[in-house]
Every structure is written in structure tokens, then in C-alpha cells.
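Residue numbers (my numbering): 469 to 775.
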């Protein structure tokens, strides 16, 4: 499998212009996403039928998951991302490789609240985005507003901030977990030095310090109905150790790597009474019953596996 890091490490060829380099690097990243999308759906863990569904992807990037949704039978796809260069690549790919779907697939460099009103979506997808959103409760509320009643929110991401590589390498530290223990002042001074620009918060690096309990609480307060939730669904020899350690409340944040879930928009009055597990506590392993949500846990160290 091509690792996504290959995209960030692409070097400019001799005499290669900006546009040529951006296009080549974009193709490398896009191609790396194909097997990652297969793995992402596996981690979601429950079948999601996209046939004839109107799909919105938040944080579509280069468009790989949106095209995956198209191949899964979606009837209408809207992809949005704040990075205009990635949206430009997705549009170019659509025009060059999937021109027959130009009327059913659109990509826009917009925030969710900037998306024009009018269309109610059946499914909202978000891959590797939630850990970067500064105001995640607002985004979840906006996603809920854009969904039809009964529509699905399907998300999956890793790593959480306090996990081994939760800084996404943006502090450029030599060891896992260092960002979680070093004083913030030292971290920001170091990042400013390494990046050559002022860094005064994790938000300046595109990180929101999200934890799993915080995420679950946001979903609970937002009135989302949990259908499936998998915590760290990645097979790894150290999974048993991570599972045990994350059950110790003070250690939970350090050994919870990622979350992959399917949640349903209920009626306006439906709130958190559906949730039997307190959002402030780590979810239990494989806890499920005939009427409740399905939760599964596996806990690998993110540093040892592709995201």
C-alpha cells in the first residue's frame, strides 16, 4: 500500500513548474487514497448503502472518497474542502477521467456553512477531518441541518491529539507522545522555529486537541443516534495492551487512536436519552444489544500502521 506520507515527501523535479509539480504530487496522493478508502470503509465496520443516495463529503480533499461514493452508486455527490488547490485537482480529475458524471458530481472550495441552501442530503461523509475542525460542534450542527430526517453521518479519522502521533508530525518531534507531555510554551516555540512562522496554538497547526469523550459528548448533545461506533479498529499485535490501558481513565486519551462511526439524524426532539454509555467514559469493548448501537474496539499504536 502506498503510504500517504509519500505525497508530503514528493520532491520537485528539475525544471518542473509549480503547476506541473502540484499536478504530479496530487496524482500521487490521489492514487494512495484508493487502498486507503477500502481500509476506511472496513474500519467503519457496518454496511452503508450509497446506491441512489445524495452524498455530501466534508473535507473532500482531492476527491478520492467522493469518486469512491460514485462507484458505490451515489446519485449525486457534493464535495467541499477549504483547500482550493485540492478542489482544483478534484475538478480536473472529474473533467479528465469521469466527464460523464460532470452533472452529478461537484467540488467547491467552501466551508460547510457557505454551501448554498436548497439540497437535503441522504448521507454526509467525512474522512480524516474531524480532528482538524476548530469548531466541531458547529460543523456537526450544520451537517445535521443539511441532512434529511433519518439521514446518515458517516465519519472516521485518526489520530486523536493525545495518542502517539496525534500531532500529525506537525511539531516535528523525535518520539511519540512528546507533544502530549511537553509544556505548550516549549512546543509552540519549537514549532515556530522549525516552521519559520509564529505558532501560538495547536489551531495554528490545524489541530483541535480532540479526544474521544469530547467527540461522543458533542454527538450526544447534538441529538445524533448512534448506529455503529468502532474505536481504533485496526488489527495490531499491541491491540490487547492498548485496550487495557485505555480503560484506565487517566490513560484513556493516550491510548485512543481513532474513531469510526455511523450516526443517524433523528427527529428534532430526539436527544441523548438514546445513549446508554456516558460520553465522558470510554466505550466498552464489543458492547451491543438488539436495540442499541454496535461498538467494537481494537487499539493499535498509530505510529506503527497507516492511518
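All residues carry an ideal CB built from backbone N, CA and C; glycine is no exception.
Here the structure is a predicted model, which means the values were calculated and not measured.
Buried versus exposed call for residue i [16 or more other C-beta atoms within 10 Å across all chains shown]
| i | result |
| --- | --- |
| residue 537 | buried |
| residue 519 | exposed |
| residue 539 | exposed |
| residue 487 | exposed |
| residue 479 | exposed |
| residue 485 | exposed |
| residue 700 | buried |
| residue 618 | exposed |
| residue 728 | buried |
| residue 749 | Because residue 749 sits at a pLDDT of 31, beneath the cut-off of 50, its placement in the model cannot be relied upon, and the point is left open. |
| residue 511 | buried |
| residue 483 | exposed |
| residue 554 | buried |
| residue 653 | exposed |
| residue 664 | exposed |
| residue 687 | buried |
| residue 568 | exposed |
| residue 443 | As displayed, the chain neither begins before 469 nor continues past 775, which places residue 443 out of reach and without an answer. |
| residue 746 | The pLDDT assigned to residue 746 is 31, lower than 50, so where the model puts this residue is not dependable, and the model offers no usable value. |
| residue 494 | buried |
| residue 634 | buried |
| residue 751 | Residue confidence for residue 751 is low, a pLDDT of 33 falling below 50, so the modelled location carries little weight and cannot support an answer. |
| residue 649 | exposed |
| residue 552 | exposed |
| residue 545 | buried |
| residue 502 | exposed |
When the options are compared against residue i, the one with the closest alpha-carbon
| i | options | result |
| --- | --- | --- |
| residue 627 | 666, 613, 619, 679 | 679 |
| residue 657 | 682, 672, 545 | 672 |
| residue 655 | 582, 499, 641 | 641 |
| residue 547 | 586, 662, 670, 576 | 576 |
| residue 505 | 486, 488, 663, 530 | 530 |
| residue 561 | 698, 513, 497 | 497 |
| residue 713 | 703, 704, 724 | 724 |
| residue 611 | 585, 643, 535 | 585 |
| residue 606 | 683, 553, 662, 533 | 683 |
| residue 594 | 578, 625, 582 | 625 |
| residue 674 | 596, 698, 490, 706 | 596 |
| residue 734 | 692, 707, 703, 726 | 692 |
| residue 622 | 477, 500, 516, 490 | 516 |
| residue 580 | 592, 695, 645 | 592 |
| residue 558 | 542, 527, 588 | 527 |
| residue 677 | 571, 600, 565 | 600 |
| residue 662 | 644, 615, 638 | 638 |
| residue 697 | 563, 730, 544, 565 | 730 |
| residue 499 | 535, 726, 521 | 535 |
| residue 732 | 703, 615, 647 | 615 |
| residue 636 | 525, 583, 550, 726 | 726 |
| residue 541 | 549, 564, 573 | 573 |
| residue 565 | 578, 532, 590, 583 | 532 |
| residue 524 | 711, 477, 543 | 543 |
| residue 491 | 509, 513, 604, 556 | 556 |
Run of the beta strand (DSSP E) containing residue i, from where it starts to where it stops
| i | result |
| --- | --- |
| residue 728 | 727-733 |
| residue 480 | It is not in any beta strand (DSSP E) - residue 480 carries neither H nor E in the DSSP assignment. |
| residue 590 | 589-595 |
| residue 518 | Premise fails: residue 518 is in no beta strand (DSSP E) and is neither H nor E. |
| residue 619 | 615-625 |
| residue 575 | 573-576 |
Bounding residues of the alpha helix (DSSP H) (the contiguous stretch that carries residue i)
| i | result |
| --- | --- |
| residue 489 | 486-512 |
| residue 559 | 552-565 |
| residue 579 | Neither: residue 579 is in no alpha helix (DSSP H) and is coded neither H nor E. |
| residue 646 | 646-649 |
Residue i at chain D interface by Cβ criterion, 8 Å
| i | result |
| --- | --- |
| residue 730 | Judged by its chain identifiers, the structure shown contains no chain D, having just a single protein chain. |
4-residue-minimum alpha helix (DSSP H) runs that sit fully inside the region 660-732, ordered along the chain: 680-689, 707-713, 720-723
Is the region 612-631 touching the region 715-723 in the sense that three or more CB pairs, one from each, lie closer than 8 Å? yes
Which ranges does the beta strand (DSSP E) cover as unbroken runs of at least 3 residues, wholly within the region 525-551, from first to last along the chain? 544-548
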